[in-house]
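Those letters in the sequence shown? Residues 1169 to 1365, per my numbering, in order. Built from N, CA and C at the ideal position, the CB exists for glycine as well. Notes for the one structure printed next.
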Amino acid sequence: IGLDPLCGRLHSEPVTTQHYVVASDGGLKDVFGYIKEIPGGQTYTPAADAKTPELDQEKCLYTPYVSGVMVNQPFIIKNSDPLMHNVHATPKVEGNKEFNVGQPVKGMEYKASFAKREVLLRFKCDVHAWMFAYVGVMDHPWFAVTNEKGEYKLPPDLPPGEYTLVALHRKAGESTQKITVADGDKKAVNFTMEVPK
1169 IGLDPLCGRL HSEPVTTQHY VVASDGGLKD VFGYIKEIPG GQTYTPAADA
1219 KTPELDQEKC LYTPYVSGVM VNQPFIIKNS DPLMHNVHAT PKVEGNKEFN
1269 VGQPVKGMEY KASFAKREVL LRFKCDVHAW MFAYVGVMDH PWFAVTNEKG
1319 EYKLPPDLPP GEYTLVALHR KAGESTQKIT VADGDKKAVN FTMEVPK
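Below you can see the structure in the form of structure tokens.
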């Protein structure tokens, strides 16, 4: 961030990478957790009262670093900084369109959506080489991102059945567990992921 004096002035302390954000008790932030497949071929859409997701460019960083949206769910990408950024989505799945949009003015917004499932779709800023974000584009609503304590909570009402629960971290890799869900079930599922010391 110090390479750009305007960005450097937005931070009172040095900024570290967001590759591994680990809590004092070992909880790992920014793990994308999701149900691998939902049987039955049903189509899911966001709840009518769902808040529009946002990806912000703030203090020359993308916030949140990892997030999730549903297929065809509009979300807002905005610039909260008093300087030039650009939003460059680099999907790898056919059917998801790449875009590269300049946001030279604070407060600018761009509405985006993606047509196909993709875990994780990368965003970058071509103006500031350290700025990245990753968005899980899912075809169902049962996904979540771990917080700074390493905790996550999937939305309720997962239909009864057997599922594979996936925990995916960009650097620590992927871990899976088989789970069985009964009607009205509440489960605690923990994952262990290796983080370099």
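Span of the beta strand (DSSP E), counted from its first residue to its last, around Glu1286: For this step, residue 1286 is matched to residue 118 along the sequence shown. Looking at the DSSP string, the run of the beta strand (DSSP E) that includes Glu1286 is Glu1286 to Lys1292.
Cutoff 7 Å; reference Lys1321; Cβ partners in own chain excluding five residues on either side: Reading the sequence shown from its first residue, position 153 is the one you call residue 1321. Taken in chain order, the residues that qualify are Ala1312.
Buried or exposed (CB count within 10 angstroms, at least 16 for buried), Asn1142: No answer is possible for residue 1142: it lies beyond the span of the chain, which begins at 1169 and ends at 1365.
Cα-Cα separation between Tyr1302 and Pro1309, rounded to whole angstroms: Along the sequence shown, read from residue 1 onward, the residue named residue 1302 stands at position 134. Along the sequence shown, read from residue 1 onward, the residue named residue 1309 stands at position 141. Answer to the nearest angstrom: the Cα atoms are 17 Å apart.
Reduced DSSP secondary structure (H/G/I, E/B, other) of Gly1176: Translated into the one-based positions of the sequence shown, residue 1176 becomes position 8. Gly1176: helix per DSSP, three-state reduction.
Reference Glu1319, options Tyr1212, Met1252 and Phe1359, closest by Cα: Counting from one through the sequence shown, the residue named residue 1319 turns up at place 151. Measuring from the Cα of Glu1319, the nearest candidate turns out to be Phe1359.
Element boundaries [beta strand (DSSP E), containing Ala1301]: Translated into positions along the sequence shown, residue 1301 becomes position 133. Segment Phe1300 to Met1306, the beta strand (DSSP E) holding Ala1301.
Beta-carbon gap between Lys1246 and Gln1225 smaller than 8 Å: Residue numbering aside, residue 1246 sits at position 78 when the sequence shown is read from its first letter. Residue numbering aside, residue 1225 sits at position 57 when the sequence shown is read from its first letter. In this structure, Gln1225 lies closer than 8 Å to Lys1246 by Cβ.
Distance CB(Gly1275)-CB(Tyr1202) smaller than 8 Å: As a working note, residue 1275 is residue 107 in the sequence shown. As a working note, residue 1202 is residue 34 in the sequence shown. No. Outside cutoff.
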